[in-house]
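Below is one structure, written out as structure tokens, with a few remarks after it.
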Amino acid sequence: MAQIGSNFCETDKMAMENPGQNLKPLPYHVELRDYLKSQERDLWNWFASAQAKADYTEHLLLELLKATYRLDPANHADLYAAAEEAKQRLQLNIPITIYQAQNSNQLNATLYYIPGEGHLVFSGPVFSLLSPDELRSVLGHELAHYHLWQCDEGEFLIADRMLQAIANDPRAAGSHVQSARWFQLYTEIFCDRGSFCVTGKLDEVVSGLVKIQTGLQHVSATSYLKQAEEVFEKTRAKTAEMSHPETFIRARALALWAEQHPESTGPISAMIEGAAELDELDLVGQKRWTILTRRLLAIFLRPKWFQTQAVLGHAKLFFEDFQPAQADDAEVMAELKSSDAKLREYLCYLLLDFVVADPELEEMPLAAALEMAKLLSLESLFEKSVAKELKIKARDLKRLKEKAPEMLAKAEVQP
Numbered sequence: 001m002a003q004i005g006s007n008f009c010e011t012d013k014m015a016m017e018n019p020g021q022n023l024k025p026l027p028y029h030v031e032l033r034d035y036l037k038s039q040e041r042d043l044w045n046w047f048a049s050a051q052a053k054a055d056y057t058e059h060l061l062l063e064l065l066k067a068t069y070r071l072d073p074a075n076h077a078d079l080y081a082a083a084e085e086a087k088q089r090l091q092l093n094i095p096i097t098i099y100q101a102q103n104s105n106q107l108n109a110t111l112y113y114i115p116g117e118g119h120l121v122f123s124g125p126v127f128s129l130l131s132p133d134e135l136r137s138v139l140g141h142e143l144a145h146y147h148l149w150q151c152d153e154g155e156f157l158i159a160d161r162m163l164q165a166i167a168n169d170p171r172a173a174g175s176h177v178q179s180a181r182w183f184q185l186y187t188e189i190f191c192d193r194g195s196f197c198v199t200g201k202l203d204e205v206v207s208g209l210v211k212i213q214t215g216l217q218h219v220s221a222t223s224y225l226k227q228a229e230e231v232f233e234k235t236r237a238k239t240a241e242m243s244h245p246e247t248f249i250r251a252r253a254l255a256l257w258a259e260q261h262p263e264s265t266g267p268i269s270a271m272i273e274g275a276a277e278l279d280e281l282d283l284v285g286q287k288r289w290t291i292l293t294r295r296l297l298a299i300f301l302r303p304k305w306f307q308t309q310a311v312l313g314h315a316k317l318f319f320e321d322f323q324p325a326q327a328d329d330a331e332v333m334a335e336l337k338s339s340d341a342k343l344r345e346y347l348c349y350l351l352l353d354f355v356v357a358d359p360e361l362e363e364m365p366l367a368a369a370l371e372m373a374k375l376l377s378l379e380s381l382f383e384k385s386v387a388k389e390l391k392i393k394a395r396d397l398k399r400l401k402e403k404a405p406e407m408l409a410k411a412e413v414q415p
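Numbering (full-length UniProt numbering), first residue to last: 1 to 415.
This is the structure we're talking about:
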């Protein structure tokens, strides 16, 4: 719900005494932040500059005064007391100003960030709809944005602004848009954890979330969590939203984490990102697939007979410092098996590229590629690619498949 936009908050009794100190950015936040700092250094430095910060905040306060009613502490003591409690639990030492938006009946809350200040804008009848604990949860969610943005000297705020600016540029690549989208979705997951760190009550966080989304006055969190779980019993659901995951995903993600599920990172990632798809790769995903490509080639070209000057020269067109592997890599093989259709097609054509890299090796590279395709569960798709691109007849391909294990075994023992 913020305008700008594994390592968790531990929820045992000791951690809940000082929850804010344990609320940390999610792995995706860290990985993408590190990528931007290393790969887009000049752009990063500009967004980190004082001028960029000044440009961002110049008109914000004036616009808030024009479009809201400012709630003063003297007349809204309970509200400010709840905000103060949320600040303390999130270890924030900043002044907070709270506003009610004009001309809006949509239930919402938004944090507007200014360095050293927090400005919270509510819209719609939030105060009359939510219980005190549910209101504390919403305050915790919004202030958790500030908690994230001040982590690591404000680097996650820099990353957030940078991603949003790039994604809104008409020249942006799909990977930039996807990166900005996932960063924002994970930020909402993080802030829901902030709600829990403030209240310590899963039911109140979930019921407040559902009330804001539905406008209902009475909600059973237990019932809704069961409803959310039913979705995942029937399908592998992942979010289709751009900024905020669907409510059932947020509820389940928070429940997994709040209950200290030992393997919550994987299921939460599956709900946000799903399986890797070529058309949906973000910047981190592209980097990951570059590494996977290198590791696959290193395994594929491991046999000494394959390491001719022509083949290694071709490999170095992909990676200048390429070196064949010294051992098998079962981990990368398992990860590659879970690829989507277009990524599997990419793998087939990657193998084909090296089948034809050195004609002097004759049938050996194709024999090796057929065996590799079998290990990757790509047999049928790879054979179709071979027939299409190399014009090899089905009977000849079948003959080579049958001979391949013996051919490769003999080649391995030859000096």
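We put the beta carbon where it would ideally sit given N, CA and C, even for glycine.
Remember, it's a predicted structure, so these values are computed and weren't measured experimentally.
Proximity below 9 Å, CB of residue i to CB of residue j
i, j, result
"P303", "E412", "yes"
"A165", "F319", "no"
"L375", "L390", "no"
"L120", "A109", "yes"
"R224", "A251", "Note that residue 224 corresponds to Tyr in the displayed sequence, not to Arg. Yes, the Cβ-Cβ distance between Y224 and A251 is below 9 Å."
"Y80", "Q100", "no"
"A67", "Q102", "yes"
"V311", "A369", "no"
"A404", "S339", "no"
"D282", "R181", "yes"
"I94", "K87", "yes"
"S264", "L256", "yes"
"T199", "R136", "yes"
"E383", "L397", "yes"
"L43", "M162", "yes"
"L278", "L343", "yes"
"P132", "D72", "no"
Residue i in three-state terms, based on DSSP
i, result
"A237", "coil"
"H261", "coil"
"S38", "helix"
"T199", "helix"
"A15", "Because the pLDDT at A15 is just 44, under 50, the model does not fix this residue reliably, and the point stays unresolved."
"F319", "coil"
"R70", "strand"
"A109", "strand"
"H119", "strand"
"A101", "strand"
"I114", "strand"
"I96", "strand"
"L79", "helix"
"residue 416", "No statement about residue 416 is possible, as the shown extent of the chain runs from 1 to 415 and does not include it."
"I249", "helix"
"V356", "coil"
"V219", "coil"
"H314", "helix"
"E412", "helix"
"T308", "coil"
"D192", "helix"
"P405", "helix"
"K391", "coil"
Whole-number beta carbon distance between residue j and residue i, since they are thought to touch under 8 Å
i, j, result
"G194", "H141", "6 Å"
"Y349", "S385", "7 Å"
"M372", "L351", "6 Å"
"L32", "V284", "5 Å"
"A325", "A298", "4 Å"
"L139", "A74", "Contact doesn't hold; Cβ gap of about 19 Å is too wide."
"L157", "Y112", "13 Å between Cβ atoms; not a contact."
"V332", "L292", "6 Å"
"Q307", "L301", "6 Å"
Other residues of its chain near residue i: CB distance less than 6 Å, five sequence neighbours each side excluded
i, result
"G274", "K238"
"Y28", "Y186"
"I249", "T239 and M271"
"G124", "N105, Q106 and L107"
"F322", "A315 and K316"
Residues near residue i in its chain [Cβ-Cβ closer than 7 Å; skip 5 each side]
i, result
"S377", "K337"
"E155", "R33"
"E134", "E204, S207, G208 and K211"
"L408", "A367, A368 and E371"
"K287", "Y35"
"S175", "L281, D282, L283 and Q286"
"R392", "The question names Arg, yet the displayed sequence has Ile at residue 392. Excluding sequence neighbours, I392 sits near V386."
Cβ shell of residue i (< 8 Å), same chain only, five flanking positions each side left out
i, result
"L23", "F8, C9, L90, A144, H147, F190, R193, G194 and C197"
"A240", "E246"
"T57", "I114 and P115"
"V177", "A167"
"E335", "L292"
Hey, is the region 142-150 in contact with the region 204-216, meaning 3+ C-beta pairs nearer than 8 Å?
no
Using 8 Å as the threshold, is the region 217-231 in touch with the region 149-160, meaning 3 or more CB pairs across them?
no
Quick check: the region 214-224 against the region 164-179, are at least 3 beta-carbon pairs closer than 8 Å?
no
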